[in-house]
């Protein structure tokens with residue numbers, strides 16, 4: 214909305230500042246932060262009244278979780294999404310199709326997560342939405358988004374060759390045309406991202422900070438990929454229009470900071486699937502839109518590790534009857550080994566920062 218004010222800069226020159234993505238991304242960050250700060254307490258109070266016993270806690274989880282986390286309300290993702298979506302509509306250039314595609318996935322995945330959280334609270338157990346039905350709807354949403362991204366690239370005079378292509382970091386000339394396979398591949402990236410973040414969300418503050426780190430990293434990537442001069446200088450693929458996603462990611466960082474205020478140990482509210490699925494899907498969609506799917510595996514390496522630990526644990530138990538980890542996802546394994554919750558959380562944050570720096574370095578290594 215505010216981006217349209219720049220069209221009146223001929224009448225009042227200071228309005229020209231709304232033309233700049235960097236200014237609007239900063240504005241979106243601050244606005245989202247303030248919105249979550251302002252309305253967070255009311256949302257928490259309403260959820261606590263509506264949910265009563267709060268999110269059900271795993272009985273086989275680490276010792277002490279039942280005592281310290283019992284009764285904490287979930288669906289805190291509503292705080293993040295309300296701040297994120299409202300701020301995006303205010304600060305982003307709504308002419309950009311990428312903004313609407315990302316919001317489509319975010320809202321769609323958020324709705325799936327909300328229904329899952331609702332069933333868990335209602336039944337007071339971990340049996341939420343049917344796994345197969347949930348994945349089917351996620352893939353449908355992701356496929357629609359990926360097809361829209363492909364069509365957007367085809368209609369762009371500067372990037373039709375990127376419509377169904379996979380770029381490889383470091384090797385600037387490596388561009389693989391996946392053809393019809395692009396939509397299922399990119400859809401898998403989005404669904405995997407959503408569920409990986411969902412699996413990471415198991416300790417107070419564990420998921421939201423790595424999500425913000427990944428969002429800030431991809432905010433830089435989106436801005437550079439959408440700017441012809443910077444993309445040409447760094448020899449990365451120029452994708453017109455993706456720079457506007459920096460505003461969306463700025464809103465995510467701001468909303469995430471506001472949520473962290475209430476999610477810091479001991480958490481007053483949990484993100485729930487409402488937030489984790491939506492935010493993971495958002496990040497995955499940005500990675501697909503900017504042609505940095507492989508870089509996302511690096512930047513979001515912590516999420517990949519969490520998901521891999523679950524896959525390995527389940528696979529090993531089914532094949533051999535033995536468990537590789539004391540408990541999966543892997544953050545619970547370290548708790549079982551004696552690490553305190555803050556130790557696990559902060560050390561995982563450090564890993565996320567290191568991985569983000571490695572991911573950013575691929576922009577310059579050519």
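Residue numbers (the working numbering): 214 to 579.
We put the CB at the ideal spot given by N, CA and C, even for glycine.
Excluding five sequence positions before and after residue 261, the CB atoms of its chain that fall closer than 6 Å to its own CB belong to 286, given in chain order.
Counting along the chain, residue 408 sits inside the alpha helix (DSSP H) bounded by residues 395 to 413.
The shortest CA-to-CA distance from residue 503 to any of 425, 492, 454, 484 is the one to 454. In this structure, the CA atom of residue 309 is about 7 Å from the CA atom of residue 457.
As DSSP reads the structure, residue 445 sits in no beta bridge. The beta-carbon separation of residue 396 and residue 435, rounded to 21 Å, does not stay under the 8 Å limit for a contact. Between residue 409 and residue 517 a beta carbon distance of about 6 Å is seen, short of the 8 Å cut, so the two are scored as contacting. Scanning its chain for C-beta atoms nearer than 6 Å, with the 5 sequence neighbours on each side dropped, one finds around residue 237 the residues 304, 460, in chain order. For residue 260, the uninterrupted alpha helix (DSSP H) run begins and ends at 234 to 264, by DSSP. Less than 8 Å separates the beta-carbon of residue 490 from that of residue 322. For the options 479, 288, 567, the alpha carbon positioned closest to that of residue 511 is the one of 567. Apart from the 5 residues on each side of it in sequence, residue 477 sits with its Cβ closer than 8 Å to the Cβ of 417, 418 in its chain, given in chain order. Between residue 525 and residue 537 a beta carbon distance of about 5 Å is seen, short of the 8 Å cut, so the two are scored as contacting. Non-local C-beta neighbours of residue 429 in its own chain, meaning closer than 6 Å and more than five positions away in sequence, comprise 466, ordered along the chain. Sorting 354, 374, 540 by C-alpha distance to the C-alpha of residue 549 places 540 at the top.
The beta strand (DSSP E) runs lying completely inside the stretch 289 to 357 and spanning 3 residues or more number zero.
Boundaries of the beta strand (DSSP E) harbouring residue 390: 388 to 390, taken from the DSSP string.
For residue 223, the secondary structure class from DSSP, reduced to helix, strand or coil, is coil. Here residue 495 carries a helix assignment [DSSP, helix/strand/coil]. With contacts defined as CB atoms closer than 8 Å, residue 427 and residue 290 fail to qualify as a contacting pair. Beyond the five residues adjoining it in sequence on each side, residue 529 comes within less than 7 Å, by CB distance, of 535, 536, 537 in the same chain, given in chain order. At a Cβ-Cβ threshold of 8 Å, residue 403 and residue 355 count as neighbours.
Considered as a whole, the stretch 420 to 444 harbours 421 to 438 as its complete alpha helix (DSSP H) runs of no fewer than 4 residues, in chain order. In the structure shown, the three-state DSSP call for residue 369 is coil. Between residue 357 and residue 488, the C-beta spacing is not below 8 Å.
Per the coordinates, the alpha-carbon of residue 298 lies some 10 Å from the alpha-carbon of residue 315.
Look at the stretch 527 to 577 and you find no whole run of beta strand (DSSP E) that is 3 residues long or longer.
At the C-beta level, residue 398 and residue 391 come within 8 Å of one another.
Of the candidates 228, 235, 229, 235 places its Cα closest to the Cα of residue 437. In chain order, 461, 464 place their CB closer than 6 Å to the CB of residue 301, counting only its own chain and leaving out the 5 sequence neighbours on each side.
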